[in-house]
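Participant:
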Amino acid sequence: MKSVTVKTPATTANLGPGFDCLGMALDLWNELIVEEGDFNIEIQGEGKNQIPNDSRNLIVTGLESIFTYIGKKPKKFSYKCKNSIPFSRGLGSSSAAIVSGILAGAALSGEDFSKETLVNLAAEIEGHPDNVAPAIYGGFTVGVKDQTKWIIDEVKVPNELNAVLFIPDFCIETHKSRSNLPSTYSRSDVIYNIGRVALLINAFSKNDLGLLNIATKDKIHQPFRSGSIPGFKVITRAAINGGAFGVYISGSGPTIVALTIGNEVTVRYEIAEAARLSQIDGESVIIPISQNGASIINHG
Ligand code: HSE
Numbered sequence: 125m126k127s128v129t130v131k132t133p134a135t136t137a138n139l140g141p142g143f144d145c146l147g148m149a150l151d152l153w154n155e156l157i158v159e160e161g162d163f164n165i166e167i168q169g170e171g172k173n174q175i176p177n178d179s180r181n182l183i184v185t186g187l188e189s190i191f192t193y194i195g196k197k198p199k200k201f202s203y204k205c206k207n208s209i210p211f212s213r214g215l216g217s218s219s220a221a222i223v224s225g226i227l228a229g230a231a232l233s234g235e236d237f238s239k240e241t242l243v244n245l246a247a248e249i250e251g252h253p254d255n256v257a258p259a260i261y262g263g264f265t266v267g268v269k270d271q272t273k274w275i276i277d278e279v280k281v282p283n284e285l286n287a288v289l290f291i292p293d294f295c296i297e298t299h300k301s302r303s304n305l306p307s308t309y310s311r312s313d314v315i316y317n318i319g320r321v322a323l324l325i326n327a328f329s330k331n332d333l334g335l336l337n338i339a340t341k342d343k344i345h346q347p348f349r350s351g352s353i354p355g356f357k358v359i360t361r362a363a364i365n366g367g368a369f370g371v372y373i374s375g376s377g378p379t380i381v382a383l384t385i386g387n388e389v390t391v392r393y394e395i396a397e398a399a400r401l402s403q404i405d406g407e408s409v410i411i412p413i414s415q416n417g418a419s420i421i422n423h424g
């Protein structure tokens with residue numbers, strides 16, 4: 125019997141101004157085991173009661189996209205998911221599912237695929253590359269579409285960089301959150317973001333992360349989303365007071381990410397205290413940035 129096990133990281137997208145373009149991989153992983161056999165999806169851990177266990181599951185969509193790409197009909201497979209990535213919290217759970225399915229499908233197809241092909245298939249399913257690209261490449265990625273092709277470039281991230289996360293106890297559906305965003309922006313707001321994306325990338329290039337407090341600010345999505353995240357302002361202030369470089373809404377939220385080197389314990393404490401004093405339920409955790417993306421950990 126053929127089987128494959130894949131592990132895929134959580135990801136944090138946008139980093140403030142880089143809406144739909146920037147993302148980083150986090151050292152928090154979902155594991156997927158796919159075996160030839162009767163169709164079945166078993167889900168353990170995060171999202172167990174929310175994720176569909178039928179053909180609507182994005183793992184199946186990802187796997188089937190590989191077989192469609194090579195023009196073959198997939199066999200029947202059973203799927204076992206061991207999920208650690210919180211579901212629908214802005215940490216790339218959907219992208220992890222797509223990428224897991226794609227990597228498993230690629231391994232089971234017996235053909236070789238470049239990362240470029242895999243990321244193009246994944247970004248087409250997701251519609252944007254800011255979670256799927258770091259889920260595949262690891263680290264920090266920039267993704268843009270040039271005509272029909274997604275171009276991904278990697279940004280160097282210090283090994284010691286940590287994300288301190290406040291993960292609220294509620295979900296935000298990305299498509300609903302996106303539908304609340306404006307469809308047009310003023311020139312001054314676009315300039316505000318362009319400059320900050322450039323500053324953010326340069327801050328990483330020069331390893332001058334002190335610029336991140338300014339560079340993670342944004343006028344494209346955060347002003348329209350922060351109102352749905354109770355305590356966003358107090359938690360952000362607490363993280364900066366605790367010594368975080370920059371703070372932003374992870375993806376479409378509700379998770380808030382503070383980037384730190386060296387003072388993550390203080391930042392975590394300050395965030396947890398601010399949430400407690402404001403009576404906001406959620407979890408504060410320190411998660412390193414992962415330099416690695418998804419990989420096959422077993423192929424039988
Ligand atoms: N860039 C996406 C958004 C990430 O902010 O809506 C979530 O999929």
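As numbered in my numbering, residues 125 to 424 make up the sequence shown, in order. Every residue gets a Cβ at the ideal spot worked out from N, C-alpha and C, and that includes glycine.
1. For the beta strand (DSSP E) containing residue 379, name the first residue and the last one.
2. Taking just the CA atoms, how far does residue 168 sit from residue 132?
3. Where does residue 225 fall in DSSP's three states?
4. Who are the near neighbours of residue 336 in its chain, counting only those whose CB is closer than 8 Å to its CB and skipping five residues on each side?
5. Per the DSSP calculation, residue 423 is bridged to which residue(s)?
6. Just to confirm before moving on: does the CB-CB distance between residue 283 and residue 135 stay below 8 Å?
7. Would you mind working out which of 285, 264, 247, 298 sits nearest residue 274, comparing C-alpha positions?
8. So is residue 401 buried or exposed if we call it buried at 16+ other beta carbons inside 10 Å?
9. Given 8 Å as the limit, is there contact between the stretch 177 to 192 and the stretch 144 to 152, that is, 3 or more CB pairs closer than that?
10. Using 7 Å as the cut-off, classify the Cβ of residue 304 as near or not near the heavy atoms of the ligand HSE, replying yes or no.
11. At the level of alpha carbons, what is the spacing between residue 82 and residue 311?
12. Between the alpha carbons of residue 226 and residue 179, how many angstroms are there, rounded?
13. From what residue to what residue does the beta strand (DSSP E) around residue 159 run?
Facilitator: In terms of the structure at hand:
1. Residue numbering aside, residue 379 sits at position 255 when the sequence shown is read from its first letter. Bounds of any beta strand (DSSP E) do not take in residue 379, whose DSSP letter is neither H nor E.
2. Start at 1 with the first residue of the sequence shown, and residue 132 comes out as number 8. Start at 1 with the first residue of the sequence shown, and residue 168 comes out as number 44. Going by the C-alpha atoms only, they are around 15 Å apart.
3. Here residue 225 is taken as the residue at index 101 of the sequence shown, counted from 1. Looking at residue 225 - three-state DSSP - the assignment turns out to be helix.
4. Residue 336 sits at position 212 when you count from the first residue of the sequence shown. Answer for residue 336: 324, 327, 369, 370, 383, listed in chain order.
5. Along the sequence shown, one-based indexing puts residue 423 at 299. Note: residue 423 is bridge-paired with 128 in the DSSP secondary-structure output.
6. Within the sequence shown, residue 283 is the residue found at index 159, counting from 1. Within the sequence shown, residue 135 is the residue found at index 11, counting from 1. When the beta-carbon positions are compared, residue 283 and residue 135 stay at least 8 Å from each other.
7. Counting from one through the sequence shown, the residue named residue 274 turns up at place 150. Among 285, 264, 247, 298, the Cα nearest to that of residue 274 is on 247.
8. The sequence position of residue 401 within the sequence shown is 277, counting from 1. Label assigned to residue 401: exposed.
9. The stretch 177 to 192 makes no contact with the stretch 144 to 152: fewer than 3 CB pairs, one atom from each, lie closer than 8 Å.
10. If you number the sequence shown from 1, residue 304 lands on position 180. No, the beta carbon of residue 304 sits no closer than 7 Å to any heavy atom of the ligand HSE.
11. Only positions 125 to 424 of the chain appear in the structure, and residue 82 is not among them; the question remains open.
12. Counting from one through the sequence shown, the residue named residue 226 turns up at place 102. Counting from one through the sequence shown, the residue named residue 179 turns up at place 55. When rounded, the distance between both Cα atoms is 15 Å.
13. As a working note, residue 159 is residue 35 in the sequence shown. Run containing residue 159: 146 to 160, per the beta strand (DSSP E) assignment.
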